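Only one structure is covered here, and it is reproduced in the block below.
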């Protein structure tokens with residue numbers, strides 16, 4: 001060991017417990033209360049404030065509780081790229097007491113079938129672009145409840161219609177699929193807005209997510225992450241780098257996929273807890289050239 005090395009770097013920041021937070025939901029509720037009017041996320045020019053995230057995720061949680069048979073502890077796959085729908089779906093699922101199964105939108109049918117079956121997922125939120133693959137593997141899974149969203153669904157009129165039309169009819173990025181049982185996300189949110197939401201109670205030892213490995217050396221394996229795990233990781237990040245950040249005054253670009261644990265922790269927890277703004281980049285390949293100009 002290098003005698004001149006910084007012990008803080010070698011050993012990490014010293015911490016005791018998870019502070020005032022017992023669960024990821026504690027982080028969420030504290031943030032939406034403190035920073036209600038701040039922008040939490042933006043994507044392709046559309047913003048989502050902390051108050052809007054609170055409202056929409058609550059609507060989705062209410063729909064899950066009243067319109068599905070999913071119970072606290074059940075698994076729900078979230079197969080979305082970096083979009084505004086991702087935090088709404090994730091926090092809605094958590095507020096309903098469900099366990100999130102982050103799923104790569106670029107998975108092959110074989111990889112989808114394995115992860116859905118291995119995780120025991122009974123529900124899914126999926127981008128329409130990948131719904132044709134879901135149709136072909138559905139019988140090999142335990143999935144009962146399907147929510148489909150289009151890329152522009154959380155954008156305002158008329159940009160929403162324009163994005164969805166271009167993606168579907170001009171770029172032809174949505175292959176035909178037949179899932180008559182699937183509920184459009186916008187419909188689920190409308191229905192949920194008129195229903196009573198019962199906030200789930202989750203403790204530090206309850207599982208919050210099943211995070212799968214990349215599967216480069218074999219089948220992907222799920223890691224059980226508890227609320228305490230993610231809260232501790234978030235607080236470690238804050239202690240290590242948080243002193244250089246202004247609460248509610250920072251904007252961070254998020255080109256890495258939010259379904260990966262790094263971005264999931266940094267942008268859906270750490271930046272949220274500090275009241276800051278994450279810019280979700282749906283397709284880094286189209287963003288990087290313009291960022292250099």
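Numbering (the UniProt record's numbering), first residue to last: 1 to 293.
Cβ atoms here follow ideal geometry from the backbone N, Cα and C, with glycine treated the same way.
Bear in mind the structure is a predicted one, so any value in this text is a computation, not a measurement.
Span separating the alpha-carbon of residue i from that of residue j
i: residue 26; j: residue 157; result: 33 Å
i: residue 198; j: residue 266; result: 27 Å
i: residue 309; j: residue 119; result: The structure shown does not extend to residue 309, since the chain is modelled only from 1 to 293, so the question has no answer here.
i: residue 35; j: residue 88; result: 17 Å
i: residue 208; j: residue 275; result: 21 Å
i: residue 71; j: residue 193; result: 20 Å
i: residue 181; j: residue 60; result: 17 Å
i: residue 32; j: residue 53; result: 8 Å
i: residue 252; j: residue 41; result: 10 Å
i: residue 154; j: residue 85; result: 7 Å
i: residue 123; j: residue 200; result: 17 Å
i: residue 183; j: residue 243; result: 44 Å
i: residue 217; j: residue 38; result: 42 Å
i: residue 236; j: residue 168; result: 42 Å
i: residue 233; j: residue 45; result: 30 Å
i: residue 121; j: residue 238; result: 32 Å
i: residue 68; j: residue 76; result: 12 Å
i: residue 171; j: residue 159; result: 16 Å
i: residue 214; j: residue 114; result: 13 Å
i: residue 173; j: residue 62; result: 31 Å
i: residue 138; j: residue 248; result: 42 Å
i: residue 95; j: residue 272; result: 16 Å
i: residue 282; j: residue 47; result: 14 Å
i: residue 321; j: residue 261; result: Since the first residue of the chain shown is 1 and the last is 293, residue 321 is not available in this structure.
i: residue 152; j: residue 55; result: 19 Å
Test item: CB-CB of residue i and residue j under 7 Å
i: residue 231; j: residue 50; result: no
i: residue 57; j: residue 97; result: no
i: residue 176; j: residue 148; result: no
i: residue 29; j: residue 195; result: no
i: residue 254; j: residue 280; result: yes
i: residue 269; j: residue 263; result: no
i: residue 297; j: residue 24; result: Any answer about residue 297 is impossible in this case: the structure gives the chain only from 1 up to 293.
i: residue 133; j: residue 150; result: no
i: residue 131; j: residue 179; result: yes
7 Å Cβ cutoff, residue i in contact with chain D
i: residue 91; result: In summary, chain D is missing from the structure at hand, where a single protein chain is found.
Residue i, buried or exposed, once every other Cβ within 10 Å from all chains shown has been counted against 16
i: residue 74; result: buried
i: residue 211; result: buried
i: residue 291; result: Confidence at residue 291 is low in this model, with a pLDDT of 47, below 50, so its placement is unreliable and no value can be given for it.
i: residue 246; result: exposed
i: residue 285; result: exposed
i: residue 80; result: buried
i: residue 90; result: buried
i: residue 241; result: exposed
i: residue 259; result: buried
i: residue 278; result: buried
i: residue 136; result: exposed
i: residue 83; result: buried
i: residue 223; result: exposed
i: residue 99; result: buried
i: residue 1; result: Caution is warranted here: a pLDDT of 45 is assigned to residue 1, below 50, making its placement in the model unreliable, and the coordinate value is therefore given only provisionally. That one is exposed.
Legend entry - Stretch-stretch touch, CB-based, cutoff 8 Å, three pairs: the segment 138-146 with the segment 91-108: no
Inset, instruction - Give a yes or no on contact between the segment 188-204 and the segment 219-238, applying the rule of three or more CB pairs nearer than 8 Å. - result: yes
Inset, instruction - Answer yes if the segment 163-172 comes into contact with the segment 184-197, meaning at least three C-beta pairs across the two stretches below 8 Å, and no otherwise. - result: no
Legend entry - Whole beta strand (DSSP E) elements within the segment 168-238, 3-residue minimum: 207-212, 222-226
Legend entry - Continuous beta strand (DSSP E) assignments of at least 3 residues falling wholly in the segment 88-115: 99-102
Legend entry - Those runs of the beta strand (DSSP E) which lie wholly inside the segment 41-93 and span at least 3 residues: 46-49, 75-79
Inset, instruction - Let me know the alpha helix (DSSP H) ranges lying completely inside the segment 121-169, each 4 residues or longer, listed in chain order. - result: 131-137, 159-165
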